[in-house]
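**Student:**
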Amino acid sequence: MTTAPAIELKGISKSFGPVHANKDISIRVMPGTIHGIIGENGAGKSTLMSILYGFYKADAGEIFISGQKTAIPDSQAAIAAGIGMVFQHFKLVENFTVLENVVLGAEDSGLLRPSLARARRELKALADEYELNVDPDAVVEDIGVGMQQRVEILKALYRRADILILDEPTGVLTPAEADHLFRILENLKREGKTIILITHKLREIMDATDTVSVMRRGEMTATVKTSETSPQKLAELMVGRKVLLQVEKAPAQVGKVILDVKNLNVTDEKGVHRVKEVNFNVRAGEILGIAGVSGNGQSELLEVLGGYEKGTGTITVNGQTIDLTGAKSDGRSRRERGIAHVPEDRQREGLIMDYHAWENVAFGYHHDPKYQRGMFMDNAAIKADTLEKMERFDVRPPDPRLAAKSFSGGNQQKIVLAREIERNPDLLLIGQPTRGVDIGAIEFIHQQIVALRDQGKAILLVSVELEEILALSDRIAVMFDGRIMGERLPQDTNEQELGMMMAGMNKGEAA
Amino acid sequence: MDAMPKWADVVLIPLISLILAATLSALVILAIGESPVEALNLMVKGALGSTYGWGYTLYYATNFIFTGLAVSIAFHARMFNIGGEGQAMVGGLGVALICLYIPWPHWSLALLGGTIAAALFGAAWAAIPAFLQAKRGSHIVITTIMFNFIAAAMLNYLLIGALKPKGSMEPATGKFPEATHLPSFQDMFSFGETALFRGAPANVSFFVAILACIAVWALIWKTKLGYEIRAFGHSDTAAKYAGISPTKIIMISMMISGGLAGMMAINNVQGEAERLVLNAVEGAGFIGIAVALMGRSHPFGVFLAALLFGFLYQGGAELALWTKIPREMIVVIQALVILFTGALDDMVRVPLERVFLALRRRKGGAA
Amino acid sequence: MDLSTILQVLDSTVRLATPLLLACLAGLFSERAGIFDIGLEGKMLAAAFLSAAVAYTSGSAWVGLGAGIFASLLLSGIHGLASITFRGNQLISGVAINFLAAGLTVVVAQSWFGQGGRTPQLAGSARFEPITLPFADALREVPVLGPIYYELISGHTALVYIALLFVPLTWWVLYRTRFGLRLRAVGENPAAVDTAGISVVWLRYMAVLICGVLCGIAGAYLATALQASFVKDMSAGRGYIALAALIFAKWRPWYALYACLLFGFLQAFALRPDVIQTVFGFKVNAQLLDVLPYILTVIILAGFVGKAVPPRAGGQPYVKER
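Protein chains in written order, with our numbering: chain A, 134 to 644; chain B, 430 to 796; chain C, 2 to 323.
#1: Identify the continuous beta strand (DSSP E) that holds A115/A and give its terminal residues.
#2: Is L593/A helix, strand or coil by DSSP?
#3: Going by DSSP in three states, A796/B sits in which element: helix, strand or coil?
#4: Between the segment 484–512 of chain A and chain B, which residues of the former have a C-beta closer than 8 Å to a C-beta of the latter?
#5: Contact criterion: CB-CB distance below 9 Å. Does Y670/B meet it with respect to chain A?
#6: Looking only at DSSP bridge pairs, what is D775/B linked to?
#7: When the Cα of R416/A is compared with those of G217/A, I391/A, T230/A and F577/A, which residue comes out closest?
#8: Return no unless some Cβ of chain C is closer than 9 Å to the Cβ of L290/A.
#9: In the DSSP assignment, find the beta strand (DSSP E) that holds L142/A and state where it starts and stops.
#10: Between which two residues does the beta strand (DSSP E) holding V285/C run?
#11: Let's test the definition: count the other Cβ atoms within 10 Å of the Cβ of H222/A and tell me whether it reaches 16, buried, or not, exposed.
#12: The alpha helix (DSSP H) that contains N190/C, what's its start and end?
#13: Below 6 Å CB to CB, which residues in the same chain sit around G69/C once its five sequence neighbours on both sides are set aside?
#14: Could you check what DSSP says for E410/A in three-state terms: helix, strand or coil?
#15: Taking the alpha-carbon positions, what's the N320/A to Y263/A distance?
#16: Could you pull out every residue in the same chain whose Cβ sits closer than 7 Å to the Cβ of R470/A, ignoring the five residues on either side in sequence?
#17: For A171/C, I'd like the list of residues in its chain whose CB is within less than 6 Å of its CB, leaving aside the five on either flank, ordered along the chain.
#18: Smallest Cα separation from K538/A: which of W491/A, D625/A, G464/A and M348/A?
#19: Consult DSSP for Q281/A and reduce its assignment to one of helix, strand or coil.
#20: Here's the rule I'm using: 16 or more other beta-carbon atoms within 10 Å means buried, otherwise exposed. How should H535/B be labelled?
#21: I want to see whether chain B comes within less than 9 Å of R468/A, judged by CB atoms only; does it?
#22: Just list the residues that DSSP pairs G564/A with in beta bridges.
#23: Alpha carbon to alpha carbon, how far is K522/A from H663/B?
#24: From what residue to what residue does the beta strand (DSSP E) around G446/A run?
#25: Would you decide whether M508/A is buried or exposed? Buried here means 16 or more other CB atoms lie within 10 Å of its CB.
#26: To be precise: take each residue of the segment 289–311 of chain C, compare its Cβ to all Cβ atoms of chain B, and keep it if any distance is under 7 Å. Which residues remain?
#27: Between which two residues does the beta strand (DSSP E) carrying N228/A extend?
#28: Checking 9 Å against the spacing of the C-beta atoms, do L765/B and L471/B come in under that value?
#29: Identify whether D157/A lies in helix, strand or coil by the three-state DSSP scheme.
#30: With DSSP as the reference, label V437/A as helix, strand or coil.
#31: With contact counted as at least three CB pairs below 8 Å, one residue from each stretch, are the segment 478–498 of chain B and the segment 665–682 of chain B in contact?
#32: Between L8/C and the rest of its own chain, which residues show a CB-CB distance below 7 Å, the 5 nearest in sequence each way excluded?
#33: In the structure shown, what three-state DSSP assignment does R506/A receive?
#34: Could you tell me whether any Cβ in chain C is nearer than 9 Å to the Cβ of M218/A?
#35: According to a CB-to-CB cut-off of less than 7 Å, which residues of the segment 657–691 of chain B neighbour chain A?
#36: How do the segment 746–759 of chain B and the segment 461–469 of chain B stand: do at least 3 beta-carbon pairs fall below 8 Å, yes or no?
Laid out in structure tokens, this is it:
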């Protein structure tokens, strides 16, 4: 074989302060292939690709494009080298039209009109060629995420990219949209384009790629032909040891209904109807898992239950109605009703990153009489309480005076969990419990959730990780487009069926 | 782990910023043909060389403590209250009304009444921008700027109209009654023949300012409300999750802020002028911004920074008297302090963080 | 009230609206690129001083204009350094610049001219003279249209016409050129611009510098056209009114013109208590007219009359996310 690799990276290293995001990484990507890069959150995949796209500068290492050593100091150079990137969070100007977004940075001349006219013609050609239909005059903020992603791909193709990098492209897509995306990628591959697909989903790797590289903790652990490996092997390479996502748990001892939700509707500030006529209940001693692609109303559901989004309908906890609007619909009132909440985004919601651990342990419970002394807060008591909790939840380092931002993701999550679980709530709301958490902490967190269930508490679990839902839940509800598509028992269903429901299809329709 | 030890953040960075500002100011003085060393000498002598000088320095410092605390409180809730100037003006209006129209039996009660009126008026003036921010999302910086102008116009209107004594040509209220006059430092600290602070305007409000520092410190770091204000300032999304009402925090923190700015009036209106004049605030509301930035929004830091600016103000007045350097030089220094401690923070911080990181690495390497 | 009075008021409306318009367009460029600028006031003031000082020494208003622009650009540079390079707080930087200008102009004026912080009076070519447009004198006698042409349209200084030309020019740059597209994009989502291979820093500096040039013209107009010398604090809050006009105009060029004309009209009106009395039949307080722009802006900001949505990335320094 004499063809040079489309991309070859040699000895790439990159640190952010004391963190080694990439350590001496070398990889070869052959032209006309789909090359997967798989690894856990924080394994360094995105950093590596950002270096390739000139977004960051590597501390050391070389980049070869089609055999030529190429310096990529900025995105301009990457574009010139024929590299296009579709970021996980789209880089679109929301109040621009699709056309303006495509043209931005790739204008032909100082005047806009000729550029826009040419782009309009080319967009049409691209749309016909690759199933990439988008209305060029639509304003980006008015179109769906699937469409927005196509705009990103069009941007890259318009710039004559031969190499397309997609970072976690299916995170926001329904399975149907994801399938469409993979068809587009196949088309592109057939035209000779090289595609790098970054993901943490094993199934996508197995379905779509020709070759796969595995990253773990900033290092490249292996590159193998997809046809010669298996999901189990890849998983092992990803985490460095055999994973047991099967959580040990006894059959549920189900009691009375703790949470009952009837006809819940949520319309957000922008007037979008997020949750539509949702009905379900959670009983004492069971975990109800809510599966779904993110953005299908699960977040809003948790927010209403947690008291910081308004809704209509009836929600009872222990038989008593809770307010969904007005002064008594806030986090504090919810906590007083025995509802604890581990939010989906611990950095934006669950913790104050600049607060010390002890201040965070009081967070939301700072009205608790045992934290008060006269008119002041009893900071000493909070610190003592924090130290106890940190030790029980194995938070490392167990230092109440460290700022939350100084802890790793897993330890941050343990702090939130300790705060909420140790309150002995009747109902625990928990969203994305293990997002951005290392494997060791995942096991611990899962054990804590199951232990709480076994104490007879009701748990509502929301997760976009289907494996997690299947491993933990006693019952599974699937949300799509704000509705509950149906409920299943974990032993009676499988990933395929749930995947269909997550895409808005029930079994009957799918057949 | 933080890149820098806390003391570096709290002491070293403001200090370096201050040195930078001072150096540039010295260059300006050089450029207009004066000697910076001599200027500094004059300033020190004029501001700190006599009890008279101290009397002025502390008088100015009292103003700046109030306005500095006002800006600090708002900063803790991550709000930028540029409206201290207007709030202090309206606070002055409150003091004037209460001194003119209520017959106070004793200065202590008048001080109490004045303080409450000043705080209430200042708070009320801050409440409108706060409400618009909380409920309508109007940018607080812009609205508070607008409210400064509106306050000035309102005061102007009242002082050439309803509040002006008959027959007077000056845009000012009449003299406040004797019973509302606050004891000056001269009254308090002169014994027998030795008159200290003679003729200087520093008065009992200075101690109210110190009390305010302590109260703000306790509020911010020891109470639930302070905890909530800081939490909201760090992360409004997390605050919402925890059940902390954004509306409540914006309203309360801005009203405390406005109240503190308004309280300045017990010093300059009730304590010094003993009547309300146009432009009584003289920019002290804006100096509060520099003081809060310099003092890292901590009451003790604010206290020190206010003393520094009090010194600059009095020293600057002396300069204008004895040299060709006009009083506006202080405004230049104030601008440079705001620039370096506020806007160019990273210029100092980033290199310093690198130094500390390198130091730590070397230590780590040796171990 | 007769035509000539109306024309007098409208004529001073144009003259008073000119500095507002220039400053407002200056702010428009900066804020459309995502850099908030409350330092318009300071830049105008600095430009007013230096233009007057240099016009006085050189005897040329045009040289003075250049100096004014230079002074304003220096402050723009500081603002750029603070808010773009060092990612500082743009509002605080703006406040600092306003004070810097307020202080330095007086300190330097005192040192140079020793007249209590002002410049000597400008005369002759050191000042921008009114330009009489073609046929203005000839057409003067034509009923109605003649006086309108002669009084209102003709007879302003060059800077007034330049300011008015900047309105269509700004519109054209913003909506019809590559630079404008990129400028608007960087104020909405700098990451989109960055990943498209365009330098965010360069674009934002360009915007800040254009802002400096326009503020420079505005300041020079104050000292060498509207008035005939620099006096302490002569910008008198115009930078803030321009900011108000910018919000009023919702960051759009043509609306900026209308807003500035409105605010200029209020100022012109406030200067003529006699006219006010005839129009309303009673005395309207001049302070009320002075603060009306601020009150109107607060009302607009409050969203009671159409919501003003600023550029989305406004005020935030651009940091590549990890």
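Glycine is no exception: its CB is placed at the ideal position from the N, C-alpha and C atoms.
Computed from a predicted structure; not experimentally measured.
**Tutor:** In short:
#1: As shown, chain A starts at 134 and ends at 644. That puts residue 115/A outside it, with no answer to give.
#2: Here residue 593/A refers to the residue found at position 460 of the first sequence. Looking at L593/A - three-state DSSP - the assignment turns out to be strand.
#3: Here residue 796/B refers to the residue found at position 367 when the second sequence is read from its first residue. Low local confidence applies: a pLDDT of 41 at A796/B is under 50, so the model's placement there is unreliable, with the coordinate-based value given in what follows. Residue state, collapsed to three classes: coil.
#4: L484, I485, M486, D487, Y488, E492, A495, F496, G497, H499, H500, Q505, M508, F509, M510 and N512
#5: The residue given as residue 670/B occupies position 241 in the second sequence. Yes, Y670/B lies at the interface with chain A (some Cβ there is under 9 Å from its Cβ).
#6: The sequence position of residue 775/B within the second sequence is 346, counting from 1. Paired residue(s): none; D775/B is not in a bridge.
#7: Taking the first sequence and counting its residues from 1, the one referred to as residue 416/A is at position 283. Ranking the options by Cα distance to R416/A, first place goes to I391/A.
#8: Position 157 of the first sequence holds residue 290/A. With 9 Å as the cut-off, L290/A does not count as an interface residue toward chain C.
#9: On the first sequence, position 9 is the one that residue 142/A refers to. Per DSSP, L142/A belongs to the beta strand (DSSP E) from I140 to F149.
#10: The residue labelled residue 285/C in the question sits at position 284 within the third sequence. Neither: V285/C is in no beta strand (DSSP E) and is coded neither H nor E.
#11: Sequence index remark: in the first sequence, residue 222/A carries index 89 (1-based). Result: exposed.
#12: Stepping through the third sequence from its first residue, residue 190/C is reached at position 189. First-last for N190/C: undefined, no H or E at that position.
#13: As a first step, residue 69/C must be located in the third sequence, where it is residue number 68. Counting only Cβ-Cβ distances below 6 Å, and skipping sequence neighbours, we find A48, L51, S52, G217, G220 and A221.
#14: Taking the first sequence and counting its residues from 1, one reaches residue 410/A at position 277. Of the three classes helix, strand and coil, the one that applies to E410/A here is strand, per DSSP.
#15: One-based indexing of the first sequence puts residue 320/A at position 187. One-based indexing of the first sequence puts residue 263/A at position 130. Cα to Cα, the separation comes out at about 6 Å.
#16: Within the first sequence, numbered from 1, the residue matching residue 470/A stands at position 337. Only V450 and I455 meet the Cβ criterion.
#17: Within the third sequence, numbered from 1, the residue matching residue 171/C stands at position 170. The residue you asked about is not Ala; residue 171/C is Thr in the sequence shown. Result list for T171/C: L26 and P254, in chain order.
#18: Against the first sequence, residue 538/A aligns to sequence position 405. Closest by alpha carbon: W491/A.
#19: Against the first sequence, residue 281/A aligns to sequence position 148. Three-state DSSP puts Q281/A in a helix.
#20: For this step, residue 535/B is matched to residue 106 along the second sequence. Exposed, because fewer than 16 other Cβ atoms sit within 10 Å of the Cβ of H535/B.
#21: As a working mapping, residue 468/A is identified with position 335 in the first sequence. Output row for R468/A: interface = yes.
#22: The residue labelled residue 564/A in the question sits at position 431 within the first sequence. Beta-bridge pairing links G564/A to V595/A.
#23: Locating residue 522/A in the first sequence gives position 389, where the first residue counts as 1. Locating residue 663/B in the second sequence gives position 234, where the first residue counts as 1. So the two alpha carbons sit approximately 24 Å from each other.
#24: Sequence index remark: in the first sequence, residue 446/A carries index 313 (1-based). G446/A -> beta strand (DSSP E) spans T445 to V450.
#25: As a first step, residue 508/A is located in the first sequence; it is residue number 375 there, counting from the start. It is exposed - the Cβ of M508/A has fewer than 16 other Cβ atoms within 10 Å.
#26: D291, V292, Y295, I296, T298, V299, L302, A303 and G304
#27: Here residue 228/A refers to the residue found at position 95 of the first sequence. Careful: N228/A lies outside any beta strand (DSSP E) and carries neither H nor E.
#28: Numbered from 1 along the second sequence, position 336 holds the residue referred to as residue 765/B. Numbered from 1 along the second sequence, position 42 holds the residue referred to as residue 471/B. Contact flag unset, no.
#29: Along the first sequence, read from residue 1 onward, the residue named residue 157/A stands at position 24. Correct three-state label for D157/A: strand.
#30: Here residue 437/A is taken as the residue at index 304 of the first sequence, counted from 1. Here V437/A sits in helix by DSSP.
#31: no
#32: Numbered from its first residue, the third sequence carries residue 8/C at position 7. Only P148, I149, E152 and L153 meet the Cβ criterion.
#33: Counted from its first residue, the first sequence places residue 506/A at position 373. R506/A falls in the strand class under three-state DSSP.
#34: Locating residue 218/A in the first sequence gives position 85, where the first residue counts as 1. Answer yes: the Cβ-Cβ gap between M218/A and chain C drops below 9 Å somewhere.
#35: A660, H663, S664, T666, A667, K669, Y670, A671, G672 and S674
#36: yes
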